[in-house]
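Have a look at the structure below, then the notes.
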Amino acid sequence: MDDLTPLRYFRAAYELGTFSAAARACDVRQPSVSAAIARLEDRYDGPLFHRSRDGLTPTALGHELYSQAGGVLAQVSQLEARLKGHVARMVRVYCAPDVMMAPFEAGLARIRRAVPRAQFQFTDDALQADLQFVAESCLPRGCGYHPLWQERYGLALHCAHPLLAKAKLTLADMAGEALIARPYCPSADRFLTSLTQGEATLAGLRVAASAIHDAQLMDLVAAGLGVALMPMSHGEAHRGIVLRDISDIDPVTRVVGVGYRKTGFAGDMARHFLNRESVVGTMSLASVAAV
855 MDDLTPLRYF RAAYELGTFS AAARACDVRQ PSVSAAIARL EDRYDGPLFH
905 RSRDGLTPTA LGHELYSQAG GVLAQVSQLE ARLKGHVARM VRVYCAPDVM
955 MAPFEAGLAR IRRAVPRAQF QFTDDALQAD LQFVAESCLP RGCGYHPLWQ
1005 ERYGLALHCA HPLLAKAKLT LADMAGEALI ARPYCPSADR FLTSLTQGEA
1055 TLAGLRVAAS AIHDAQLMDL VAAGLGVALM PMSHGEAHRG IVLRDISDID
1105 PVTRVVGVGY RKTGFAGDMA RHFLNRESVV GTMSLASVAA V
């Protein structure tokens, strides 16, 4: 209840002794606390604290307000807790078309355990999602991000493709192959660029189909419609395809992780998802275990 926010700031300042400590406890900036206290002092026509370098000393009015407000805030907190227990918490989730859901299932289960009434609503609008399962290069602006793993790209082949008989695949082996395009994936574009900067043996490479997400892409490869460039981890997601490196080009890699809107609710969901006490900042890949 927003009308009680100034009283919550006041109580924190009263108990902690400084505006800065109250701001940290309430997860707001110090000017917000100072302004809220000033509004209360205008409302009750008198100072609530004596200010000094040593901190805050409550006035008689401050002591009285603290005594009266404590019971009110306790009752409201109990009411909010009871109401929240009966209201579903909608968690909006975006999964990029070039990312598979399976590695994120354990994190979603952790959210469900921590927030039993959580309901997941998947959306195709990354900007409106509380959580985003995306490659770092595709993260919406202004969102927090925690990387989970790094992976390279390779060539996906039908499980009975003749090229699998070769010990190593090279650029020359791709000449004349039908390619299934991934127009939704910027990393695939970088892979294609690296290929076309190589030898001229790719002149016969042609686009035979265009997928709209990677699950469809794998089905098209498994059906024998062509080859595709995709993350090597996808090879474990479909028994009908095999992923192989192309030995004579520099590897193209991507970082995959979970993004989250910078709101209190989304931050809480990311914290439960990662099973961590905080989601402030960005973790290095070396410190993160895959979900």
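Each residue of the sequence shown is one higher than the one before, counting from 855 in the working numbering. Even glycine gets a Cβ: it sits at the ideal position worked out from N, Cα and C. This structure is a prediction, so every number in the text was calculated from the model and none was measured.
Query raised in the report: So Val1096 is in the beta strand (DSSP E); what residue range does that whole segment cover?
Result: In this chain, the beta strand (DSSP E) harbouring Val1096 covers Ile1095 to Arg1098.
Query raised in the report: Who are the Cβ neighbours of Pro1105 in its own chain at under 8 Å, not counting the five residues just before and after it?
Result: The answer, listed in chain order, is Arg1006, Tyr1007 and Asp1099.
Requested in this report: Can you tell me which of the three DSSP states Cys880 falls into?
Outcome: The answer is helix: DSSP assigns Cys880 an H, G or I state.
Query raised in the report: Do Ala980 and Met1084 have their C-beta atoms closer together than 8 Å?
Result: Taking 8 Å as the Cβ cut-off, Ala980 and Met1084 do not qualify as a contacting pair.
Query raised in the report: When DSSP labels each residue in this structure, what does His1088 get in the three-state scheme?
Result: In the structure shown, His1088 adopts helical secondary structure according to DSSP, grouped into three states.
Query raised in the report: DSSP state of Val926, grouped into three classes?
Result: DSSP places Val926 in helix when its eight states are reduced to three.
Requested in this report: Could you tell me whether the region 950 to 968 touches the region 1123 to 1133, using the rule of 3 or more Cβ pairs below 8 Å?
Outcome: Result yes; three or more Cβ-Cβ pairs closer than 8 Å.
Query raised in the report: On the three-state DSSP scale, how would you describe Met944?
Result: Assigned with DSSP and collapsed to three states, Met944 falls in strand.
Requested in this report: Can you give me the Cβ contacts of Ala1082 inside the same chain, cut-off strictly under 6 Å, excluding the 5 residues immediately before and after it?
Outcome: Here the set comprises Ala1010, Ile1034, Leu1071 and Val1075.
Query raised in the report: First and last residue of the beta strand (DSSP E) that includes His1000?
Result: Here the beta strand (DSSP E) through His1000 covers Gly998 to His1012.
Query - Straight-line gap, Asp908 to Gly998 (C-alpha atoms, nearest Å) - result: Approximately 36 Å between the Cα atoms of the pair.
Query raised in the report: Excluding sequence positions up to five away, which residues of its chain have a Cβ less than 8 Å from the Cβ of Leu800?
Result: As shown, the chain starts at 855 and ends at 1145. That puts residue 800 outside it, with no answer to give.
Query raised in the report: Can the beta-carbon of Val1152 be found less than 8 Å from the beta-carbon of Leu985?
Result: Any question about residue 1152 goes unanswered here, given that the chain covers just 855 to 1145.
Report task. Could you tell me which of Ala942, Cys949, Met955 and Arg1060 sits nearest to Pro970, measuring between CA atoms? Result -> The shortest Cα separation from Pro970 among Ala942, Cys949, Met955 and Arg1060 belongs to Ala942.
Requested in this report: Quick one: give me the first and last residue of the alpha helix (DSSP H) that Tyr863 is part of.
Outcome: Start and end: Thr859 to Leu870.
Query - Under the three-state DSSP convention, the category Glu1131 falls into - result: Residue state for Glu1131 is assigned as coil, using DSSP reduced to three classes.
Query raised in the report: Apart from the five residues on each side of it in sequence, which residues of its chain come closer than 6 Å, Cβ to Cβ, to Leu1139?
Result: Note that Leu1139 scores a pLDDT of 42, beneath 50, so its modelled location is shaky; the value from the coordinates is reported in the next line. Here the set comprises Pro1001 and Gln1004.
Query raised in the report: With His1092 and Pro951 assumed to form a contact (beta carbons below 8 Å), what rounded beta-carbon distance in angstroms separates them?
Result: Rounded, the Cβ-Cβ distance is 16 Å, inconsistent with contact.
Query raised in the report: Taking the C-alpha atoms as reference points, what is the distance between Ser874 and Ala983?
Result: Counting only the Cα atoms, Ala983 lies some 32 Å from Ser874.
Report task. Determine the burial state of Cys881: buried for a count of at least 16 other Cβ atoms within 10 Å of its Cβ, exposed for fewer. Result -> The question names Cys, but residue 881 in the sequence shown is Asp. Classification for Asp881: exposed.
**Report entry** Reference Lys1116, options Arg1108, Arg1125, Val1096 and Ala928, closest by Cα
**Finding:** Comparing Cα positions, the closest option is Arg1125.
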